Amino acid sequence: MEVEFFMPMIPPTATAQEKAIRVVNGKPYMYDTPEINAARQKLEAHLSKHVPESPYAGAVRLTVKWLFPITGNHVNGEYKTTRPDTDNLQKLLKDIMTHIHFWKDDSQVASEIVEKFWADNPGIYIKITSL
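What the sequence shown shows, in this note's numbering, is residues 157 to 287, in sequence order.
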């Protein structure tokens with residue numbers, strides 16, 4: 157089974173690692189910032205249109221291309237070498253994909269190809285392949 161789609165958008169740059177800490181009764185609690193919550197809602201809204209009829213079973217390869225709007229002197233298709241890091245971008249994306257049942261658990265992602273570019277048409281390209 158294979159699914160492939162493009163979600164046109166300006167990709168969120170807030171990542172799951174950017175949690176805030178609050179102390180309540182002397183105990184620290186981590187919570188999502190409003191930026192993370194907004195990124196989560198944006199990604200879930202776009203991803204929900206592409207959820208497979210039944211979750212992937214077994215190992216999958218996840219290919220993701222993060223396409224950011226061009227700024228400065230960058231050109232279409234040029235690799236983006238600035239923040240956010242690809243591993244931080246992927247964490248929130250895979251957590252949401254698990255939550256809305258693309259698969260049972262993101263541990264099923266046995267192969268991962270992640271790239272980020274500057275692009276004339278920003279968005280997120282996703283391809284999932286059963287292995």
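Backbone N, C-alpha and C fix where the C-beta goes; we use that ideal spot for every residue, glycine too.
No experiment lies behind these values; they were computed from the predicted model shown.
For E271, the uninterrupted beta strand (DSSP E) segment begins and ends at V265 to A275. In this structure T169 is in contact with P240, their Cβ atoms being roughly 5 Å apart against a cut-off of 8 Å. Per the coordinates, the alpha-carbon of N193 lies some 25 Å from the alpha-carbon of A275. By the Cβ neighbour-count rule, P184 is exposed, with fewer than 16 other Cβ atoms within 10 Å of its own. In the DSSP assignment, the residues bridged to F224 are W274. Contact check between the segment 215-232 and the segment 244-255: three or more CB pairs, one atom from each, fall below 8 Å, which counts as touching.
In chain order, T254 place their CB closer than 7 Å to the CB of D261, counting only its own chain and leaving out the 5 sequence neighbours on each side. Taking a C-beta distance under 8 Å as the contact criterion, V265 and T242 do not qualify as a contact pair. If you look at M186, you'll find it isn't in any alpha helix (DSSP H); it sits in the beta strand (DSSP E) that goes K183 to Y187. Residue environment: H257 is assigned as exposed (fewer than 16 neighbouring CB atoms within 10 Å of its CB, all protein chains considered). With a beta-carbon spacing of about 28 Å, L287 and A195 fall beyond the 8 Å limit used to define contacts. Nearest in C-alpha terms to G279, of all of K198, E158, G228 and E268, is K198.
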